[in-house]
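Those protein sequence lines, which keep their order, are chains W and D.
Following the working numbering, the numbering of the first sequence begins with 2 at its first residue and continues without gaps.
Following the working numbering, the numbering of the second sequence begins with 442 at its first residue and continues without gaps.
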Amino acid sequence: MTMKASNRQVNGVTVVDMSGRITLGEGSVVLRESVRDLVAKGQKKILLNLGDVTYIDSSGIGELVSAFTTVRNQGGELKLLNLTKKVHDLLQITKLYTVFDIKDDETAAVGSFK
Amino acid sequence: MTKRVSYSFESTLDTVNRAESMAVEAAATAGFNEDEQYNIAMAVREAAVNAVMHGNSADPAKKVLFVCENTGDALVITITDQGKGLDASHLPDPLAPDNLMKGSGRGIFLIRAFMDEVKFRNTDPGTEITLIKHKGRSAANAKEEIK
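As structure tokens, then:
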């Protein structure tokens with residue numbers, strides 16, 4: 002399944018709706034370029050909606066970490082929304098569940114940005 | 442009854458996707474449930490990525506050998522590259538605080554997490570990784586034997 006990412010603005014937060022697989026190759030590139038593009042445009046409050054992401058491999062996990070670091074280094078915040086159980090489990094196994102700010106309600110997530 | 446298939450693949454990203462698809466099919470045929478199929482597929486994908494990208498460095502002159510065997514009570518998948526070899530006993534721990542925020546280095550960790558047994562063998566040149574999933578056994582008891 003092809004990776005897709007589309008952006009929308011909600012109260013000053015950029016919500017990135019992602020769908021498909023974040024894996025080595027196209028999926029990881031889409032994530033990387035989406036976040037870099039937002040940061041380059043000065044949009045530093047980013048909420049990645051992973052509700053329709055069906056699969057993430059270690060490359061995809063690495064891209065999530067890199068995206069988080071990129072945004073944080075620019076003084077911004079990147080949070081995750083609507084993890085599937087498999088993605089949730091993957092972040093727990095890799096101990097990244099405590100690193101990311103993970104939300105399951107979009108309104109609350111948008112309101113949590115500083 | 443043991444069923445065994447083997448394929449020689451190019452060192453491309455397409456090989457990674459094909460190996461993953463074949464693993465899902467083999468796991469389903471062997472009777473593993475959907476969660477187990479997912480875990481096996483992820484482990485195979487990570488092993489194939491290592492073989493293609495890190496082992497063979499995507500060199501078109503180098504092949505990846507994929508062997509899948511259903512022994513009746515386990516699925517045994519072996520992936521061999523023709524690269525410079527891998528010392529799996531000295532890999533950084535991706536859970537260590539200094540490594541947690543690194544963008545790579547989690548592949549073999551995930552393979553170990555999702556399979557029951559993981560074996561490495563230096564094929565000089567190259568590395569052979571054997572992934573074993575037993576029927577009716579939790580991956581929490583995963584064991585590794587480094588030869």
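For glycine and all other residues, C-beta sits at the position ideal for the given N, C-alpha and C.
- Listed along the chain, the chain D residues whose CB falls inside 8 Å of the CB of Val100 (chain W) are Leu541, Met542.
- DSSP places Ser449 (chain D) in the uninterrupted beta strand (DSSP E) bounded by 444-451.
- Taking 8 Å as the CB threshold, Ser545 (chain D) lines the interface with chain W.
- For Lys87 (chain W), the closest Cβ of chain D is nearer than 8 Å.
- For Phe114 (chain W), same chain residues with a beta-carbon under 7 Å away, outside a window of 5 residues either side, are Val14, Lys46, Glu78 in chain order.
- Assignment of Asn563 (chain D) by DSSP, reduced to helix, strand and coil, places it in the strand class.
- A check of alpha carbon separations from Tyr448 (chain D) across D:Ala469, D:Ile481, D:Asp476, D:Cys509 identifies D:Cys509 as the nearest.
- Assigned with DSSP and collapsed to three states, Gly63 (chain W) falls in helix.
- Each residue's CA atom was taken as its position, placing Thr70 (chain W) and Val40 (chain W) some 12 Å apart.
- Chain W has no Cβ within less than 8 Å of the Cβ of Met556 (chain D).
- Contacts between Arg486 (chain D) and chain W, judged by CB atoms closer than 7 Å, involve Asp58 in chain order.
- As summarised for the segment 486-563 of chain D, the continuous alpha helix (DSSP H) elements at least 4 residues long and confined to that stretch are 548-555, given in chain order.
- When the alpha-carbon of Ala471 (chain D) is set against those of D:Ile549, D:Ile520, D:Pro538, D:Asn511, the nearest one is in D:Asn511.
- In the three-state scheme derived from DSSP, where H, G and I count as helix and E and B as strand, Gly13 (chain W) is classed as coil.
- When C-beta distances to chain D are compared with 7 Å, the residues of the segment 13-42 of chain W below that value are Leu25, Gly26, in chain order.
- Listed along the chain, the chain W residues whose CB falls inside 8 Å of the CB of Val490 (chain D) are Leu25, Asp58, Ser59, Ser60.
- Closest in C-alpha terms to Ala537 (chain D), from the list D:Ala502, D:Gly546, D:Ser462, comes D:Gly546.
- Excluding its 5 nearest sequence neighbours in each direction, Tyr98 (chain W) has C-beta neighbours in its own chain below 6 Å: Leu92, listed in chain order.
- Looking only at W:Leu32, W:Leu25, W:Gly26, W:Glu27, the smallest Cα-Cα distance to Ser7 (chain W) is reached by W:Leu32.
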